[in-house]
Amino acid sequence: MDVLNYVIKRILQMIPVFLIATIIVFALVRAIPGDPARVMLGDRASQEAVDLLRHKMGLDKSIPEQFWIFFKDMLHLDFGTSMKYKLPVGELLISRLACTALLALVTVVFTVIISFILGYVAGMKKGSFIDLIIRFYALFGLSAPSFWIGLVLLDFFALKLKLFPVSGWGETMGQHLKAMVLPALTSAIYVSGILIRNLRSNVIDISKSDYVDFAISKGISPARLSIFHVVRNALIPATTLLSLRVAVMLSGSVVLETVFTLPGLGNLLVNSIYSRDYPVVQGVVMMFVVLVMLINLITDILYSLLDPRVKLQ
Amino acid sequence: MKDERNLLEVEGLCIHFETNGYDVQAVQDVTFSIKKGEAMGFVGESGCGKSTTSRAIIRLLAKNANIPAGKIIYKDQDVLKMSQDELRKYRGKEVGMIFQEPMTALNPVLTIRTQMYEQFRGKDMSKEEKEKRAIELLRLVGIPSPEKRLDEYIHQFSGGMRQRAMIAIVLAGEPKLLIADEPTTALDVTIQDQIIKLINNLREELDMGVLLITHDLGVISQVCDKVAVMYAGFFVEETDTLTLMAHPMHPYTKGLIDAIPNGMTEELKPIPGNTPSLIDLPNGCPFSPRCFMCEEICTKEIPPMVEVDPGHFSRCHFAERMRGYKGVIDLDEEGKE
Chain Y
30 MDVLNYVIKR ILQMIPVFLI ATIIVFALVR AIPGDPARVM LGDRASQEAV DLLRHKMGLD
90 KSIPEQFWIF FKDMLHLDFG TSMKYKLPVG ELLISRLACT ALLALVTVVF TVIISFILGY
150 VAGMKKGSFI DLIIRFYALF GLSAPSFWIG LVLLDFFALK LKLFPVSGWG ETMGQHLKAM
210 VLPALTSAIY VSGILIRNLR SNVIDISKSD YVDFAISKGI SPARLSIFHV VRNALIPATT
270 LLSLRVAVML SGSVVLETVF TLPGLGNLLV NSIYSRDYPV VQGVVMMFVV LVMLINLITD
330 ILYSLLDPRV KLQ
Chain E
943 MKDERNLLEV EGLCIHFETN GYDVQAVQDV TFSIKKGEAM GFVGESGCGK STTSRAIIRL
1003 LAKNANIPAG KIIYKDQDVL KMSQDELRKY RGKEVGMIFQ EPMTALNPVL TIRTQMYEQF
1063 RGKDMSKEEK EKRAIELLRL VGIPSPEKRL DEYIHQFSGG MRQRAMIAIV LAGEPKLLIA
1123 DEPTTALDVT IQDQIIKLIN NLREELDMGV LLITHDLGVI SQVCDKVAVM YAGFFVEETD
1183 TLTLMAHPMH PYTKGLIDAI PNGMTEELKP IPGNTPSLID LPNGCPFSPR CFMCEEICTK
1243 EIPPMVEVDP GHFSRCHFAE RMRGYKGVID LDEEGKE
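Protein chains in written order, with my numbering: chain Y, 30 to 342; chain E, 943 to 1279.
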């Protein structure tokens, strides 16, 4: 019941944040220099043609009027029609989000597997050769540019071994998942670099803690010690770190989407900004706003579940 | 009839730590034994090696520790030669350890129940039996409404209750020897007293051997049958508690006893100087720089542990000079038996 009350409270708190975000997004999009109608028709189009298009797109109305239309439609979950793709923005967003969200999900799975194993081993074997190698890997993952890692993986696994598709993300769920392996791995190599360093230092601190000594003094098995005492506690800070990365992942990555030719949100946003596709830019950014707020909420709930000392209020 | 066999025998134990290229001699030539139902105390200032000795008994020393000499024998088993498997059966079930600070010694994210049940692993107990036993133990250590507290976390307990909860968890393993490392230091005085009484009662009820580590002679005198005074890694005096309090035979023990506030004398008499660094011990007797009766030989030779009276050992060249010094209690008036 506590959790439900908390969720309701947090969702109510999101409303003003959402309203303010709406105004800022609307204003920022219009602050980008350049006229969408002119961008679309090109330099040589006549002024009449441009004016006609402006009228069609509703850009000749006053700014408050435009905002009201945008806001009213949004409450009906209608984000307008893309000027460039001639598709309803909502439809466009959902198809692109599916790709980006699947990529984020697979990335999280890879990241968790890689980071927890390597972070734990490095922490427990602090100062050993294997620790050195894992630390090198973490530093490498953090500093190597992802387009390069992506291209190397693509060259080896897709072109040479032909295990994965070179571009696109297919039609069926199976094909989608297969197409996600390499981009997710590319992304996971970077994110696990961050997470391994965090986990390693946490594992080192925890293994020196009194409660680990006390657990050992009870004669519990090494497996139980590592899972219930060491990893269980190292999980708490790592979760916060990972959830921050999830928010970033969900906003799409232009680099990954370009290297692996994926229809994700990153490219959609960038292209829409170039073509002054106001409805799409507004729609994408508003979706980010909602996603970030939701992820923060989920993180806070997760955190309180992981750490009983943290109370939801 | 009391079981006269020794539960634990420690012989000539030396523990060294390697830190930054230094060889720190934390414990040197420590010998003692504990019988079933007997309580022994270690007393000394911080860093004198009392915790290190107790941790060695349960093989909980840091990785940079090594034991160049000595034996730890528990019921005919050589603890220092135990395999990981043997250690797992020994720790918790044969020897249990109460830590100083329950807030950090209990896992913050696991309930008391989970941490208690860890002690029941490997035992053939049903869920109901485990729960019943856990509640019984919490009740035994004096935690009110144990059914409810079982599913709480350590941060939800108050100071004294935390220590009780930890004691209950340790007892769940049914140890034959209970090591208590400064169990009352983190508590305020009234609660200290309750915990001391609890340890005393449990010892009688469960007939456990107890090794109590403290810097407080008062606590020792309430719990222990015999006591060893430690200084800079050495046992400097060892005897039964009453004799130690009445007739200390080592100048350091005398210093400790004089430093007890007794309400009669106006001011405390601290021992002058500081404990020596274990990296750079003084030549000869480690206590010599602070000793009021130090002579030339003291700065040259480490005194041997000598039996000055039957069962009363002192590591002092001039222990005999201490004869006639009165401690805090007068045995002749009270009568020794």
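Just so it is clear, CB atoms sit at the ideal spot from N, CA and C, and this is done for glycine as well. Note that this is a predicted model, so its numbers are computed, not measured.
Distance, Val-1152(E) Cα to Pro-1231(E) Cα: If you take the alpha carbons of Pro-1231(E) and Val-1152(E), they lie about 33 Å apart.
Asp-242(Y) burial status per 10 Å Cβ neighbour count (16 or more: buried): Label assigned to Asp-242(Y): buried.
Test item: CB-CB of Pro-212(Y) and Leu-161(Y) under 7 Å: Taking 7 Å as the cut-off, the Cβ atoms of Pro-212(Y) and Leu-161(Y) do not count as close.
Ile-1077(E) beta carbon less than 7 Å from that of Pro-1086(E): No, the pair does not count as a contact, with Cβ atoms beyond the cut-off.
N- and C-terminal bounds of the alpha helix (DSSP H) containing Gln-1164(E): It spans 1159-1165 - the alpha helix (DSSP H) in which Gln-1164(E) sits, taken as one unbroken run.
Buried or exposed by the 16-neighbour rule on C-beta atoms within 10 Å, applied to Arg-125(Y): With at least 16 other beta carbons inside 10 angstroms of its own, Arg-125(Y) counts as buried.
Short CB-CB distance (under 7 Å) between Glu-1060(E) and chain Y: Yes - at least one Cβ of chain Y is within 7 Å of the one on Glu-1060(E).
Residue environment, Tyr-1016(E), which counts as buried when at least 16 other CB atoms sit within 10 Å: Flag for Tyr-1016(E) reads buried.
Outcome for Gly-963(E) when other beta-carbon atoms lying within 10 angstroms are tallied against a minimum of 16: Under this definition Gly-963(E) is an exposed residue.
N-terminal and C-terminal residue of the beta strand (DSSP E) that Tyr-1016(E) is part of: Residue range 1007-1016 is occupied by the beta strand (DSSP E) that includes Tyr-1016(E).
Gly-986(E) CB to nearest heavy atom of the ligand MG below 6 Å: With respect to small molecules bound, the structure shown includes none, and the ligand MG cannot be examined in it.
Arg-1001(E) versus Phe-158(Y): straight-line alpha-carbon distance, rounded: Between the alpha carbons of Arg-1001(E) and Phe-158(Y) lies a distance of about 26 Å.
Cβ neighbour criterion (16 or more within 10 Å) applied to Val-1171(E): The residue is buried, with at least 16 neighbouring Cβ atoms inside 10 Å.
8 Å CB neighbourhood of Glu-1276(E) in its chain, flanking five on each side removed: Confidence at Glu-1276(E) is low in this model, with a pLDDT of 49, below 50, so its placement is unreliable and the value that follows should be read with caution. Annotation for Glu-1276(E): no residue places its beta carbon closer than 8 Å to its own, counting only its chain and skipping 5 residues before and after.
Alpha helix (DSSP H) runs wholly inside the stretch 283-337 of chain Y, at least 4 long, in chain order: Runs of the alpha helix (DSSP H) lying entirely within the stretch 283-337 of chain Y, each at least 4 residues long, are 283-288, 294-303, 307-335 in chain order.
Residues, ordered as in the chain, of the stretch 233-250 of chain Y that lie near chain E by beta-carbon distance below 9 Å: When C-beta distances to chain E are compared with 9 Å, the residues of the stretch 233-250 of chain Y below that value are Lys-237, Ser-238, Asp-239, Tyr-240, Val-241, Asp-242, Phe-243, Ala-244, Ile-245, Ser-246, Lys-247, Gly-248, Ile-249, Ser-250, in chain order.
Beta-carbon separation (whole angstroms), Thr-269(Y) vs Thr-328(Y), contact threshold 8 Å: Yes, Thr-269(Y) and Thr-328(Y) are in contact; Cβ-Cβ is about 6 Å, under 8 Å.
Run of the beta strand (DSSP E) containing Leu-1048(E), from where it starts to where it stops: No beta strand (DSSP E) holds Leu-1048(E); DSSP gives it neither H nor E.
His-1254(E) and Thr-1183(E) closer than 7 Å at C-beta: Their beta carbons are not under 7 Å apart, which means His-1254(E) does not touch Thr-1183(E) by this criterion.
Ser-996(E) vs Ile-1121(E) beta-carbon contact at 7 Å: In contact: Ser-996(E) and Ile-1121(E) (Cβ atoms closer than 7 Å).
Any 3 or more C-beta pairs closer than 8 Å across the stretch 267-281 of chain Y and the stretch 1064-1084 of chain E: As far as the Cβ criterion goes, the stretch 267-281 of chain Y does not touch the stretch 1064-1084 of chain E, which means the pair count is below three.
Short CB-CB distance (under 7 Å) between Asp-336(Y) and chain E: Yes, Asp-336(Y) lies at the interface with chain E (some Cβ there is under 7 Å from its Cβ).
CA nearest to the CA of Val-318(Y), picked from Val-36(Y), Ile-49(Y), Leu-206(Y), Gly-295(Y): Nearest option by C-alpha distance: Ile-49(Y).
Top-ranked residue by Cα proximity to Glu-1340(E), from Lys-1005(E), Val-1165(E), Leu-1003(E), Asp-1020(E): Nothing can be reported for residue 1340(E), as the shown portion of chain E is limited to 943 through 1279.
Any 3 or more C-beta pairs closer than 8 Å across the stretch 1104-1118 of chain E and the stretch 1029-1047 of chain E: By the C-beta criterion, the stretch 1104-1118 of chain E is judged to be in contact with the stretch 1029-1047 of chain E, since at least 3 inter-stretch pairs fall below 8 Å.
Within-7 Å CB hit, Tyr-1095(E) to chain Y: Taking Cβ atoms only, chain Y reaches closer than 7 Å to Tyr-1095(E), which makes this a yes.
Close Cβ partners of Phe-100(Y) (< 7 Å) along its chain, the five nearest in sequence each way excluded: The residues are Thr-51.
Burial state of Leu-131(Y) (16 or more Cβ within 10 Å): With 16 or more Cβ atoms within 10 Å of its Cβ, Leu-131(Y) is classed as buried.
Chain E contacts made by the stretch 254-283 of chain Y, where a contact means CB separation under 8 Å: Listed in sequence order: Phe-257, His-258, Arg-261, Asn-262, Ile-265.
Below-7 Å beta-carbon distance, Arg-1030(E) vs any chain Y residue: Closer than 7 Å: yes.
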